[in-house]
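Q:
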Amino acid sequence: MSIKIIKNKCTGCSLCVKACPFAAISMVSKKAVIDYDKCTLCSACEESCNFDAIEIKREASKTPHLEEYKGVWVFGEQKRGAVQPVVYELLGKGRELADKLKTELCCVLLGKDVKDKAKELIHRGADKVYLIDAPELEHFLDEPYTNALVNLVRKYRPEILLCGATFIGRSLVSRVAVKLHTGLTADRTALDVDEKERFLLQTRPAFGGNIMATILSKNHRPQMATVRHKVFKESELDTTRKGEIIEETLSKSLYKSRTKILDIVEEVTSTVNLTEADIIVSGGRGIKAPENFAMIEELAKVLGGAVGSSRAAVDAGWIPYSHQVGQTGKTVCPKIYIACGISGQIQHLVGMQSADIIIAINQDPHAPIFGVATFGIVGDVFQVVPLLTRKFKEALNK
Amino acid sequence: MNIIVCIKQVPDTTQVKIDPETNTLIREGVDSVINPFDMYAIEEGVRLKEKHGGKVSVLTMGPPQAESALKEAVSMGCDEAYLVSDRAFAGSDTLATGYTLAAAIKKIGEYDIIICGKQASDGDTAQVGPGIATQLDIPQATYVKKIEDVKEKTAVIERSTEEGFEILETSLPCLITVVKEINEPRIPSLKGRMAAKKLQIKTLNAIDLDTEEDRLGLTGSPTWVSKVFTPPARPRGEIYETEPEEATTKLVNELKDRILQ
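From first to last, the protein sequence lines are chains C and H. When we follow my numbering, the leftmost residue of the first sequence carries the number 1, and every step to the right adds one. When we follow my numbering, the leftmost residue of the second sequence carries the number 1001, and every step to the right adds one.
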């Protein structure tokens, strides 16, 4: 593993200096010089160089029998017997990838008394469902679930394994990837395959969200990725679809768990779940006081949406953390996002910029939020928001 | 009890601004800070020590300048600090990072609980904590919002879920990753700052860790960055700067059909 500048190819154009996210390259006598203390070998410079003057050597290990790994798998997360919506989204995307690779799409289902759900997964696009139905798998526990998934992968060797970036999914596949010694990437915004090389191409925002990086695992299988809810469209339900259900069992010792569930507590929330919402109305520092969130709630109610907020409003104690959108809060992808009195700091933008339509309402015409807005109103939120509420009420006949 | 806290130094995103001309990040003058989620891990470690006795060791993998993150952790009440640093670690993905940190933890010695933040703000993967637990073959609980009770061989914790939370009992040693709700990190005391100043940070390199060379850094990382590019800028939207009455009417007309869909 090493990086070096090939001096006679370097033209001193300094494109690499601009490309380096870590300020690790400088120009000395018109040649690029790397500061090895700052360099993380991210390879942004290698990509930027038009003269092949930067060389990164990688000598990676390889999964044995790599070419025998076939098929696209989706982890079929269920809770209390209900398949989670992100699974249908992954089946939609998985179908597309499997068709491109001319291979099969399979789903892994772990749980107790969930056999009827296996059929549902076939109706949603899976060719095969690998099912382990056991009382020990009723609720998610890291160790037995890891053992179950690892065993299935070792036996059937899929080339791609996708999993929802849920609380359960992220916890589970991080363990699975280590046990299988393979590559795992997080929070893809785009997934594609290289049909010839059979690589999974995983694109995500990097270094704070304004640069995109495409990541791949060349020498390891399966190629694993977690994908956030609402990034891809759900697959269509077709009850005439046929497929195969393959039941598997695990030896007793693999069900052992050093953690056990004492209780499951569901917190009742009166509002729409933020990450599920099609419309979100958010308030920020410009809302000025906690009581003013009533006007945000009012607009959200008229639109049938959920209430979000920026970090500033949460830190000020105006609204609970569960409403926070952004880097340290929730990532949302609604059809319409209405930002009221939010300036649009980068940390907020990374949490909501994939919304279909973004509406910005802010007094400051130079606020960064207008840079990502589909529509914007420059004006006083205390005038604009109530007017919008009234007019939407009329327009929507409410 | 022996507590180990793993932290990461990240760019301070509260300082990051976008260049309005080029729509790219302005990186000049951006400081490095402790990953915000790791602050809760440090605080929880120190609180456990205050309640049950023992010591807190803080650990980070990074370049030499990551020492400043360790010093800050000590000023908040951690007792010992370890910097895992070597050119051989550069380019590590989450698999190689988990392997390296697990090797460092084995070197540090006995532990009851390892605490990490739920994820780092620069990578957002949430993979390294579980990765360390798996490499060490210990149980884990992710997204912990409360530690209810710690006994000699077990702990009872609350783990966040999409719908609420679960109460879990885990055997010790274990690894937990913590979320923001768990506590409010303290401001370092004067005494803490003095301790941080005097502290000798122990550095561990690849040789100290007895690691297999081909599992480190870029070589030990299955995932590669194959392409880096600037995303296409969003087309400039329609911004109304007219009277609110007129602007809101226009907006409602633009949107009402889409909302009714």
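Using N, Cα and C, we set each Cβ at its ideal position, and we do this for glycine too.
(1) Can you pull the chain H residues whose beta carbon is under 9 angstroms from the beta carbon of Met212 (chain C), in chain order?
(2) Between which two residues does the beta strand (DSSP E) harbouring Tyr69 (chain C) extend?
(3) Since Arg95 (chain C) and Gly125 (chain C) should fall inside the 8 angstroms C-beta cutoff, what is the C-beta to C-beta distance between them, to a whole number of angstroms?
(4) Does the distance from the CB of Ile287 (chain C) to the CB of Gly341 (chain C) come in under 7 angstroms?
(5) Using the beta-carbon of each residue, which ones in chain C are nearer than 8 angstroms to Thr1249 (chain H)?
(6) In this structure, does DSSP put Gln78 (chain C) in helix, strand or coil?
(7) Based on DSSP bridge pairs, tell me the residues matched to Ser309 (chain C).
(8) Compute the Euclidean distance between the alpha carbons of Gln202 (chain C) and Lys1227 (chain H), then round it to the nearest angstrom.
(9) How is the beta strand (DSSP E) around Thr1177 (chain H) delimited, first residue to last?
(10) So, does the CB of Leu1175 (chain H) fall closer than 7 angstroms to a CB anywhere in chain C?
(11) Can you check whether the C-beta of Thr1100 (chain H) is within less than 7 angstroms of a C-beta belonging to chain C?
(12) Which of the three DSSP states, helix, strand or coil, is assigned to Asn147 (chain C)?
(13) With Ser43 (chain C) as the anchor, note down where its beta strand (DSSP E) starts and where it stops.
(14) Excluding the 5 residues flanking Lys196 (chain C) on each side, which residues of the same chain have their C-beta closer than 6 angstroms to its C-beta?
(15) How big is the Cα-Cα spacing for Leu388 (chain C) and Asp1257 (chain H)?
(16) List, in chain order, every chain H residue whose beta-carbon is nearer than 7 angstroms to that of Thr185 (chain C).
(17) Could you give the DSSP three-state label for Gly1117 (chain H): helix, strand or coil?
(18) So for Met1061 (chain H), helix, strand or coil by DSSP?
(19) Alpha carbon to alpha carbon, how far is Asp52 (chain C) from Pro1179 (chain H)? Give it in angstroms, no decimals.
(20) Would Pro320 (chain C) be called buried (16 or more neighbouring beta carbons within 10 Å of its own) or exposed?
(21) Can a CB atom of chain C be found closer than 7 angstroms to the CB of Thr1142 (chain H)?
(22) State the DSSP-derived secondary structure class of Arg1186 (chain H), mapped to helix, strand or coil.
(23) Taking just the CA atoms, how far does Leu349 (chain C) sit from Ile54 (chain C)?
(24) Suppose the cutoff is 7 angstroms on Cβ atoms and the five residues either side in sequence are ignored; what does the same chain contact list for Pro1036 (chain H) look like?
(25) Of all the CB atoms in chain H, is at least one closer than 7 angstroms to the CB of Thr40 (chain C)?
(26) Could you tell me whether any Cβ in chain A is nearer than 7 angstroms to the Cβ of Ile1034 (chain H)?
(27) Mapping the DSSP letters down to three states, classify Tyr1323 (chain H) as helix, strand or coil.
(28) Using the beta-carbon of each residue, which ones in chain C are nearer than 8 angstroms to Gly1164 (chain H)?
(29) In three-state terms, what does DSSP make of Glu1301 (chain H)?
(30) Expressed to the nearest angstrom, what Euclidean distance is found between the alpha-carbon atoms of Glu46 (chain C) and Glu120 (chain C)?
(31) For Pro158 (chain C), which beta-bridge partners are listed by DSSP?
(32) Does chain H have any CB closer than 7 angstroms to the CB of Ile215 (chain C)?
(33) With 8 angstroms as the C-beta to C-beta threshold (strictly closer), list the residues of the segment 306-319 of chain C near chain H in chain order.
(34) List the whole-angstrom C-beta distance separating Leu262 (chain C) from Val1144 (chain H), where the pair is believed to meet the contact cut-off of C-beta under 8 angstroms.
(35) Is Ser251 (chain C) helix, strand or coil when you go by DSSP?
(36) Could you tell me the boundaries of the beta strand (DSSP E) in which Thr1161 (chain H) lies?
A: Quick look at the numbers:
(1) Lys1227, Val1228, Phe1229, Thr1230, Pro1231
(2) Here Tyr69 (chain C) belongs to no beta strand (DSSP E), and DSSP marks it neither H nor E.
(3) 4 angstroms
(4) Against a cut-off of 7 angstroms, the Cβ pair of Gly341 (chain C) and Ile287 (chain C) comes out as a contact.
(5) Lys391
(6) strand
(7) Ser309 (chain C) is bridged to C:Gly283, C:Gln324.
(8) 10 angstroms
(9) 1174-1178
(10) no
(11) no
(12) helix
(13) From DSSP, Ser43 (chain C) is part of no beta strand (DSSP E); its letter is neither H nor E.
(14) none
(15) 15 angstroms
(16) Here the neighbours are Thr1223.
(17) Strand.
(18) strand
(19) Reading off the sequence, residue 1179 (chain H) comes out as Val, not Pro. So the two alpha carbons sit approximately 44 angstroms from each other.
(20) exposed
(21) yes
(22) coil
(23) So the two alpha carbons sit approximately 33 angstroms from each other.
(24) Ser1121
(25) It does; some Cβ of chain H falls within 7 angstroms.
(26) Although the question refers to chain A, the structure presented lacks it and instead comprises the protein chains C and H.
(27) Nothing in the structure corresponds to residue 1323 (chain H), since chain H is present only between 1001 and 1261.
(28) Ile264, Val265, Glu266, Glu267
(29) This structure leaves residue 1301 (chain H) out entirely; chain H is present only between 1001 and 1261.
(30) Here the C-alpha atom of Glu46 (chain C) lies approximately 46 angstroms from the C-alpha atom of Glu120 (chain C).
(31) Partner(s): none; Pro158 (chain C) has no beta bridge.
(32) yes
(33) Cβ proximity to chain H below 8 angstroms picks out nothing from the segment 306-319 of chain C.
(34) Wrong, their Cβ atoms sit about 14 angstroms apart, outside the cutoff.
(35) coil
(36) Looking at the DSSP string, Thr1161 (chain H) is not in any beta strand (DSSP E), and its letter there is neither H nor E.
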